[in-house]
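A.B. asks: Those protein sequences? They're chains A and B, same order as listed. The opening position of the first sequence corresponds to residue 4 in this note's numbering, with each subsequent residue numbered one higher. The opening position of the second sequence corresponds to residue 4 in this note's numbering, with each subsequent residue numbered one higher. We put the CB at the ideal spot given by N, CA and C, even for glycine. Bear in mind the structure is a predicted one, so any value in this text is a computation, not a measurement. Handing you a structure now.
2 protein chains.
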Amino acid sequence: MGTPAHFPLILILIISSVSAQTLIQMLPHRPQRTGDGDLFCDSWRLSVETNNAGPWMTIPAECVAFVEEYVNGDRYASDSAVVAGDSLAFARTARIAGDGRDVWVFDIDETLLSNVPYYAVNGYGSEVFNDTSFDEWVLKARAPALSASLQLYEELQGLGFQMILLTGRAEAQRNATEENLLFSGYHSWKRLILREASDIGKTAVVYKSERRAELEAQGYRIYGSSGDQWSDLLGSPMATRSFKLPNPLYHIP
Amino acid sequence: MGTPAHFPLILILIISSVSAQTLIQMLPHRPQRTGDGDLFCDSWRLSVETNNAGPWMTIPAECVAFVEEYVNGDRYASDSAVVAGDSLAFARTARIAGDGRDVWVFDIDETLLSNVPYYAVNGYGSEVFNDTSFDEWVLKARAPALSASLQLYEELQGLGFQMILLTGRAEAQRNATEENLLFSGYHSWKRLILREASDIGKTAVVYKSERRAELEAQGYRIYGSSGDQWSDLLGSPMATRSFKLPNPLYHIP
C-alpha cells in the first residue's frame with residue numbers, strides 16, 4: 004500500500020487512543036513469552052492481519068526483534084507464497100472474456116514492491132512514519148519485488164488478465180514508481196493509478212473504492228484485488244475476491 | 004459459528020473445486036517444513052484467518068498434527084486473548100446510551116463455546132463435517148467456554164452492553180444451547196437467535212446479515228460483532244467493528 008504521507012494524521016492520533024500500546028495494557032490475559040518464540044507478538048501479528056487490531060501508529064516496542072525476524076525470514080516468504088497460491092487458484096476459475104476488460108488490481112508498496120530495506124534502517128515499524136525520508140526512498144526507485152507477487156503477476160498475465168496498479172503514492176511520484184517497477188521486473192501494466200491533488204486527505208478506503216467504481220463504470224471486471232492493507236480491499240465496490248498480503252510493519256486507514 | 008449442518012453441501016462441493024488440496028498443488032513456491040515447526044501449515048492457517056483461502060472442506064492432510072497442537076496449546080489461548088483485548092479496547096471507546104439498545108453480537112460455536120473436545124475425536128477438521136455426530140455432541144450440552152470470550156462477555160456486560168447471541172444452530176437446538184451456555188458460565192443474554200425453518204438453506208452471511216438488519220430496524224445499535232467465521236461478520240449491515248476469532252478447524256460459507 005502507498006505511503007501514509009497524505010492521511011489526516013491528527014485523526015489517526017485521535018482514533019489511536021485505542022493504540023497497540025493501550026491494547027496491550029488492556030489485555031485480559033496477557034500471554035507470556037515462551038522459549039518457543041514470542042507468543043504475544045505472534046498473536047499481535049495475527050490481530051493486525053485479520054483487521055482486529057484497528058488503527059495503530061507503531062508496532063509494540065517489544066516486537067521489534069520479532070518483526071525484524073519475520074520480514075527477513077522464511078515466514079514472510081512462506082505467507083506471501085500461500086497468498087499468491089490462493090490468488091492463482093481463484094484466478095484459474097475465472098472465465099476470461101478476452102476483451103481486455105478482465106482485470107486484477109494490485110497495490111504497490113508491500114504488495115508488488117518491498118520496502119523492507121527502508122524499514123530495516125528505520126526501526127521496523129517502531130518509529131512513527133516519516134514522509135520526508137520515505138519519499139527520498141521512493142525517489143531512489145530501488146525497492147525489490149516481492150518474489151511471490153512478481154511470479155503471480157506474470158502468471159495472471161499468462162491467464163489473460165490485465166494488470167491495474169492502484170497505489171496511495173502521489174501522481175508526482177509516477178516517474179520514480181514506473182522506474183522502480185521496471186527495475187524490479189514488472190512490465191506491461193494496463194494502468195498505473197496514483198493519487199491526484201483532489202485525492203489528498205481522502206482515506207485509502209475512500210480513494211481506492213472511488214477508483215474501483217470508475218474502473219467498473221468503464222466496463223472493467225475486477226476479479227481480484229491484492230493488497231497488504233485492508234484499506235486496499237474494503238469499501239464499495241469490492242473485487243470478486245480480495246487477497247490480504249501480510250504486513251506487520253505499518254497500518255494505513 | 005454454528006453447525007454447518009444446514010448448508011447446501013452440494014454447492015460447497017462445487018465451489019470447493021478450489022479447495023485447500025487444489026490450492027496446495029497450485030502453490031508456486033511450496034514452502035518446506037523446517038525444524039522450527041510447520042511453516043506451510045502456519046501460512047495455511049494465516050490464509051484461513053485472513054479469508055484468503057476461500058471455501059474449503061477439510062484441513063490439509065499434512066496439517067492435522069499442527070492443528071491439534073494449535074488448538075490444544077498456548078497459541079490458540081494467546082490469539083484468543085489478543086482478539087478479546089482488541090474487542091475490549093474498542094468497546095471502552097463506545098458511548099453507552101443506557102437505553103438497552105447498545106448491543107454486542109456474539110456467535111456461539113468456536114466463539115463463546117469450544118467444540119475442540121468434539122473435533123479431538125473427529126480428526127481435527129481433517130474429516131468432512133458429519134452433522135449426525137455433531138448434533139449428538141450439541142445435545143450433550145457440555146462444550147466448555149472459550150475462556151477469553153467468557154471474560155470479554157462479562158466485561159462487556161459490565162460496560163453496559165446487551166448481549167445478542169446469533170448462531171447458525173437450529174431453533175430445535177435452543178434448549179440444549181441454553182443449557183450449554185449456562186453450564187459453561189454465560190448468563191443474562193438479551194436474545195438468543197437461532198435458525199428458523201425459513202432460514203434453512205441460506206448461507207450464514209445471508210442469514211446473519213438479515214438478523215442484524217432486523218436488530219437495527221428494532222433500534223439496536225450493533226457496536227461489535229465477534230465470530231470465528233468471516234461469514235459471521237461480513238454482509239450488510241455490519242457492526243461498527245467486527246472481530247475475527249481464530250478457527251483452523253472448519254470453514255462455513
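Quick one: what's F263 (chain B) bridged to in DSSP?
C.D. replies: Any answer about residue 263 (chain B) is impossible in this case: the structure gives chain B only from 4 up to 256.
A.B. asks: Could you please give me the residues that DSSP links to I203 (chain B) through a beta bridge?
C.D. replies: Within the second sequence, numbered from 1, the residue matching residue 203 (chain B) stands at position 200. Answer by DSSP bridge pairing: none, since I203 (chain B) is not bridged.
A.B. asks: Please state whether DSSP places S3 (chain B) in a helix, a strand or coil.
C.D. replies: Because chain B here runs from 4 to 256, residue 3 (chain B) falls outside it and cannot be looked at.
A.B. asks: Check A173 (chain A) in the structure and name its three-state DSSP category.
C.D. replies: The residue given as residue 173 (chain A) occupies position 170 in the first sequence. Strand at A173 (chain A).
A.B. asks: Chain B partners of N55 (chain A), CB-CB under 7 Å?
C.D. replies: Position 52 of the first sequence, counting from 1, holds the residue named residue 55 (chain A). Under the 7 Å cutoff, chain B gives V86, D89, F246 and K247.
A.B. asks: In angstroms, rounded to a whole number, what distance separates the CA positions of Q160 (chain A) and L236 (chain A)?
C.D. replies: The sequence position of residue 160 (chain A) within the first sequence is 157, counting from 1. The sequence position of residue 236 (chain A) within the first sequence is 233, counting from 1. Those two C-alpha atoms are separated by around 21 Å.
A.B. asks: Which class does L197 (chain A) belong to by DSSP, given the choice of helix, strand or coil?
C.D. replies: As a working note, residue 197 (chain A) is residue 194 in the first sequence. Three-state result, L197 (chain A): strand.
A.B. asks: Where S129 (chain A) and V108 (chain A) are concerned, what is the direct C-alpha to C-alpha distance, given to the nearest angstrom?
C.D. replies: Taking the first sequence and counting its residues from 1, the one referred to as residue 129 (chain A) is at position 126. Taking the first sequence and counting its residues from 1, the one referred to as residue 108 (chain A) is at position 105. Those two C-alpha atoms are separated by around 29 Å.
A.B. asks: From the beta carbon of E72 (chain B), is the nearest beta carbon of chain A less than 7 Å away?
C.D. replies: The residue given as residue 72 (chain B) occupies position 69 in the second sequence. No, because no Cβ of chain A sits closer than 7 Å to the Cβ of E72 (chain B).
A.B. asks: Which residues in chain B sit within 8 Å of E52 (chain A), going by Cβ to Cβ distance?
C.D. replies: Counted from its first residue, the first sequence places residue 52 (chain A) at position 49. Per Cβ cutoff of 8 Å: L49, E52 and T53.
A.B. asks: For S228 (chain A), which residues of its own chain have a beta-carbon under 6 Å away from its beta-carbon, when the five flanking residues on both sides are left out?
C.D. replies: Taking the first sequence and counting its residues from 1, one reaches residue 228 (chain A) at position 225. The answer, listed in chain order, is V108, L236, A242 and S245.
A.B. asks: Tell me whether L42 (chain B) is buried or exposed, calling it buried when 16 or more other Cβ atoms sit within 10 Å of its Cβ.
C.D. replies: The count along the second sequence starts at 1 and reaches residue 42 (chain B) at position 39. L42 (chain B) is buried by the Cβ-count criterion.
A.B. asks: Please report the straight-line C-alpha distance between V131 (chain A) and S152 (chain B), rounded to a whole angstrom.
C.D. replies: In the first sequence, residue 131 (chain A) corresponds to position 128, counting from 1. In the second sequence, residue 152 (chain B) corresponds to position 149, counting from 1. Cα to Cα, the separation comes out at about 32 Å.
A.B. asks: For W192 (chain A), which residues from the same chain have a beta carbon less than 6 Å from its beta carbon, with the 5 sequence-adjacent residues on both sides left out?
C.D. replies: By one-based count along the first sequence, residue 192 (chain A) stands at place 189. These residues qualify, in order along the chain: M166 and L168.
A.B. asks: With 16 other CB atoms within 10 Å as the buried threshold, where does T114 (chain B) fall?
C.D. replies: Here residue 114 (chain B) corresponds to residue number 111 of the second sequence, with the count starting at 1. It counts as buried.
A.B. asks: In three-state DSSP terms, what is R145 (chain A)?
C.D. replies: Here residue 145 (chain A) refers to the residue found at position 142 of the first sequence. Here R145 (chain A) sits in coil by DSSP.
A.B. asks: Let me confirm a value: A200 (chain A) is counted as buried when at least 16 other C-beta atoms fall within 10 Å, else exposed. Which label applies?
C.D. replies: If you number the first sequence from 1, residue 200 (chain A) lands on position 197. Exposed is the call here.
A.B. asks: Under a three-way DSSP split, which group does R98 (chain B) fall into?
C.D. replies: Position 95 of the second sequence, counted from the start, is the residue given in the question as residue 98 (chain B). Of the three classes helix, strand and coil, the one that applies to R98 (chain B) here is coil, per DSSP.
A.B. asks: Tell me which same chain residues have a C-beta within less than 8 Å of the C-beta of V106 (chain A), skipping the five on either side of it?
C.D. replies: Start at 1 with the first residue of the first sequence, and residue 106 (chain A) comes out as number 103. Contacts found: F164, Q165, M166, I167, K193, L218, Y223, R224, I225 and Y226.
A.B. asks: DSSP beta-bridge partners for L116 (chain A)?
C.D. replies: Residue numbering aside, residue 116 (chain A) sits at position 113 when the first sequence is read from its first letter. Bridge partners of L116 (chain A): A:D112 and A:A148.
A.B. asks: For the region 51-105 of chain A, which segments carrying the alpha helix (DSSP H) assignment without a break, of at least 4 residues, lie completely within its bounds, in sequence order?
C.D. replies: Those alpha helix (DSSP H) runs which fall completely within the region 51-105 of chain A and span 4+ residues are 67-75 and 77-94.
A.B. asks: Work out the CA separation of A179 (chain A) and I203 (chain A) for me, nearest whole Å.
C.D. replies: Indexing the first sequence from 1 puts residue 203 (chain A) at position 200. Indexing the first sequence from 1 puts residue 179 (chain A) at position 176. Near 19 Å, if we compare the C-alpha coordinates of A179 (chain A) and I203 (chain A).
A.B. asks: For L121 (chain B), I'd like the list of residues in its chain whose CB is within less than 6 Å of its CB, leaving aside the five on either flank, ordered along the chain.
C.D. replies: Numbered from its first residue, the second sequence carries residue 121 (chain B) at position 118. Residue identity check: residue 121 (chain B) is Tyr in the sequence provided, not Leu. Closer than 6 Å at Cβ, skipping near neighbours: W140.
A.B. asks: Check each candidate in B:I111, B:A64, B:C66 and B:A97 and name the one with the smallest Cα separation from A144 (chain B).
C.D. replies: Counting from one through the second sequence, the residue named residue 144 (chain B) turns up at place 141. Considering only alpha carbons, the answer is B:I111.
A.B. asks: Go through its chain and collect everything with a Cβ distance to R215 (chain B)'s Cβ below 8 Å, but skip five positions before and after it.
C.D. replies: Stepping through the second sequence from its first residue, residue 215 (chain B) is reached at position 212. Excluding sequence neighbours, R215 (chain B) sits near V108, L169, I225, S228, G238, P240, M241 and A242.
A.B. asks: Give the single residue among A:D231, A:P256 and A:Y189 whose Cα lies nearest to the Cα of S86 (chain A).
C.D. replies: Numbered from 1 along the first sequence, position 83 holds the residue referred to as residue 86 (chain A). The amino acid occupying residue 86 (chain A) in the given sequence is Val; Ser does not appear at that position. The shortest C-alpha separation from V86 (chain A) is found at A:D231.
A.B. asks: Rounded to the nearest angstrom, what separates L252 (chain A) and F137 (chain A) at their Cα positions?
C.D. replies: Sequence index remark: in the first sequence, residue 252 (chain A) carries index 249 (1-based). Sequence index remark: in the first sequence, residue 137 (chain A) carries index 134 (1-based). Going from the Cα of L252 (chain A) to the Cα of F137 (chain A) covers about 13 Å.
A.B. asks: Could you confirm whether any beta carbon from chain A is found closer than 7 Å to the beta carbon of D77 (chain B)?
C.D. replies: Here residue 77 (chain B) corresponds to residue number 74 of the second sequence, with the count starting at 1. Yes, contact with chain A.
A.B. asks: Among the candidates B:I255, B:W233, B:P256 and B:H254, whose CA atom is the shortest distance from the CA of N54 (chain A)?
C.D. replies: Position 51 of the first sequence, counted from the first residue, corresponds to residue 54 (chain A). Comparing Cα positions, the closest option is B:W233.
A.B. asks: According to the neighbour-count rule (16 or more other Cβ atoms, all chains shown, within 10 Å of its Cβ), is V124 (chain B) buried or exposed?
C.D. replies: Residue 124 (chain B) sits at position 121 when you count from the first residue of the second sequence. Exposed.
A.B. asks: What is the rounded straight-line gap between the Cα of P147 (chain B) and the Cα of S187 (chain B)?
C.D. replies: The sequence position of residue 147 (chain B) within the second sequence is 144, counting from 1. The sequence position of residue 187 (chain B) within the second sequence is 184, counting from 1. About 5 Å.
A.B. asks: Output yes if chain B places a C-beta closer than 7 Å to the C-beta of D138 (chain A); else output no.
C.D. replies: Locating residue 138 (chain A) in the first sequence gives position 135, counting from the first residue. No, because no Cβ of chain B sits closer than 7 Å to the Cβ of D138 (chain A).
A.B. asks: Compare the C-beta of D82 (chain B) with all C-beta atoms of chain A and state if any pair is closer than 7 Å.
C.D. replies: In the second sequence, residue 82 (chain B) corresponds to position 79, counting from 1. Yes, because at least one Cβ of chain A sits closer than 7 Å to the Cβ of D82 (chain B).
A.B. asks: Just the Cα atoms here: how many angstroms apart are H254 (chain B) and W59 (chain B)?
C.D. replies: Position 251 of the second sequence, counted from the first residue, corresponds to residue 254 (chain B). Position 56 of the second sequence, counted from the first residue, corresponds to residue 59 (chain B). The straight-line gap from Cα to Cα measures roughly 6 Å.
A.B. asks: Once the 5 residues before and after L248 (chain B) are set aside, which same chain residues still bring their CB inside 7 Å of it?
C.D. replies: Within the second sequence, numbered from 1, the residue matching residue 248 (chain B) stands at position 245. Cβ neighbours of L248 (chain B) beyond the five flanking positions: S83, V86, E113, T114, S229, G230 and D231.
A.B. asks: Apply the 10 Å Cβ neighbour rule to E174 (chain A) and answer buried if 16 or more other Cβ atoms are within range, or exposed otherwise.
C.D. replies: Here residue 174 (chain A) refers to the residue found at position 171 when the first sequence is read from its first residue. Classification for E174 (chain A): exposed.
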